[in-house]
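Below is one structure, written out as structure tokens; comments come after it.
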Amino acid sequence: MTGATRAGASAPRRWPAWVGYAAAAWSLVYGLLGLYWGLGGDGFPFGWANDPRADLSVFVDARAEVGGPVIAALGIAGAVLAVLMARGLGRNGARVVAMTFAWVMALVLLILVSDYRVLMAVAYSPLFLVGLPFDWPPASYSAAVPWPVLNQLVCVLGGFLWVATALAYGRRTRGACGDCGRGEDTDAADLARVRRRTNWAVAVSVALPVFYALTRYAWLLGIPLGINEDLLRDGQASGLWWAGAGLATVAVGGAVLTIGLVRPWGEIFPRWIPGLRGRRVPVAAAVVPAIVVAVIVTSAGLMYVRLAIAGTLPDEGWAATVPELVWPVWGVALTVAALGYRARRRGRCRHCGRG
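For the sequence shown, this note's numbering gives the first residue as 160, with consecutive numbering after it.
As structure tokens, this is what we get:
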């Protein structure tokens, strides 16, 4: 037994060991909620009868008497399957079934269930925190993020648990390291190729949110960039453009942090950060937030694409919709950038010794 293997065996339990059980627990709880809703309980979060903005969702016509039992069946079946995956059981056909179920669950929970309100909830959070001492914005966070949106956030959490479960199970059943994903026959990464791919992905991931932010700053300044005069005046009268400028500032801040994926200060904390200066930036601290943002941005953008195809987007000017329609491109580019950063920085695995 090698020193790396001994160290990995004695190390604390890592996420590949417990994430399947976490996905099972989440699925069981949500499945029981579905059973409760199907039996007539309050709080079913989908459909016109329960969500005032159900028109934004693919589940616009969902009803508790049908949706509840479906959620219950998928949740309970998912709980059982997640436990089996956590134990590494299943080969050949059973493995394919398990992986397919896991990835379909992740896709539904991360992309289909949520809409742009998840992105708004996440983006508004820092604005409410900063504005709390000044009683701004003039609305409560609970009003801005009602139960149907909180439910979407819960589903996004479940989706990420299923992604991690699928990754851990897939690695384990093919003999790869659960933490880094490397197998015995893994070759050294082509860092030059990874760096080129990451560079263009970061460029796209910076340009698109800055493009969005410029339109919102223009409206705040009274410039009708890409919108009609009526919409500009309505936004000025209601104060909407101040909220838009706040979101634009969050987008610009995210763009600046994205640049760190290809700059030295994205690997070593700069000197002007007290307490952290000179220390290495944990890979997960950069990759995890980037992947989370990429997923919710992609979901929000696909909602706009879906509404555009259905012809239900209001005709208020190109700048009111075009920046949102390209959000899926932003999400894909940010994912590529984050994974490229991880590939470039992960080095030798502390748990299997590969790399």
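Backbone N, C-alpha and C fix where the C-beta goes; we use that ideal spot for every residue, glycine too. Because the structure is a prediction, the values reported are computed rather than measured.
Do residue j and residue i have their beta-carbon atoms positioned less than 8 Å apart in this structure?
| i | j | result |
| --- | --- | --- |
| A459 | D274 | yes |
| W177 | G227 | no |
| A360 | A496 | yes |
| A261 | A302 | no |
| V242 | G179 | yes |
| G249 | A257 | yes |
| G394 | W378 | yes |
| S272 | C339 | A small correction: the amino acid at residue 272 is Val; Ser does not occupy that position in the sequence shown. Cβ distance not < 8 Å, so V272 and C339 don't count as in contact. |
| I427 | G437 | yes |
| R356 | V442 | no |
| A183 | A238 | yes |
Sorted by chain position, which residues of the same chain lie with C-beta nearer than 6 Å to residue i's C-beta, five sequence neighbours on each side aside?
| i | result |
| --- | --- |
| A453 | G490, L493 and T494 |
| V322 | A265 |
| S169 | Low per-residue confidence applies at S169: pLDDT is 37, beneath 50, and the placement is therefore not dependable enough to give any value. |
| A420 | Reading the sequence as shown, one finds Leu at residue 420 and not Ala. Hits under 6 Å: V361, A496 and Y500. |
| T457 | P487 and G490 |
| P175 | A327 and G337 |
| A245 | G179 and Y180 |
Applying the 10 Å Cβ sphere with the 16-neighbour rule, what's the burial state of residue i?
| i | result |
| --- | --- |
| R375 | buried |
| D210 | buried |
| L288 | exposed |
| F319 | buried |
| F293 | exposed |
| R507 | exposed |
| L198 | exposed |
| C511 | buried |
Roughly how many whole angstroms lie between the Cα atoms of residue i and residue j?
| i | j | result |
| --- | --- | --- |
| V308 | F205 | 10 Å |
| D389 | L191 | 48 Å |
| P429 | A410 | 22 Å |
| I418 | V446 | 13 Å |
| R254 | A223 | 33 Å |
| Y189 | L380 | 46 Å |
| A351 | N358 | 11 Å |
| R341 | R173 | 16 Å |
| S284 | N251 | 45 Å |
| W185 | V225 | 21 Å |
| T345 | G470 | Bear in mind that the predicted position of T345 carries a pLDDT of just 47, short of 50, making it too unreliable to give a figure here. |
To the nearest whole angstrom, what separates the beta carbons of residue i and residue j, a pair I think is in contact under 8 Å?
| i | j | result |
| --- | --- | --- |
| A478 | G385 | 2 Å |
| L115 | I455 | Outside the shown range of the chain (160 to 514) lies residue 115, about which nothing can therefore be said. |
| A407 | Y371 | 7 Å |
| V304 | A280 | 5 Å |
| L268 | G317 | 5 Å |
Who are the near neighbours of residue i in its chain, counting only those whose CB is closer than 8 Å to its CB and skipping five residues on each side?
| i | result |
| --- | --- |
| Y463 | Y275, L472, T480, E483, L484 and W486 |
| G247 | Y328, R331 and T332 |
Less than 7 Å between C-beta atoms, sequence neighbours within five positions excluded: which residues of the same chain meet that for residue i?
| i | result |
| --- | --- |
| A221 | F205 and G206 |
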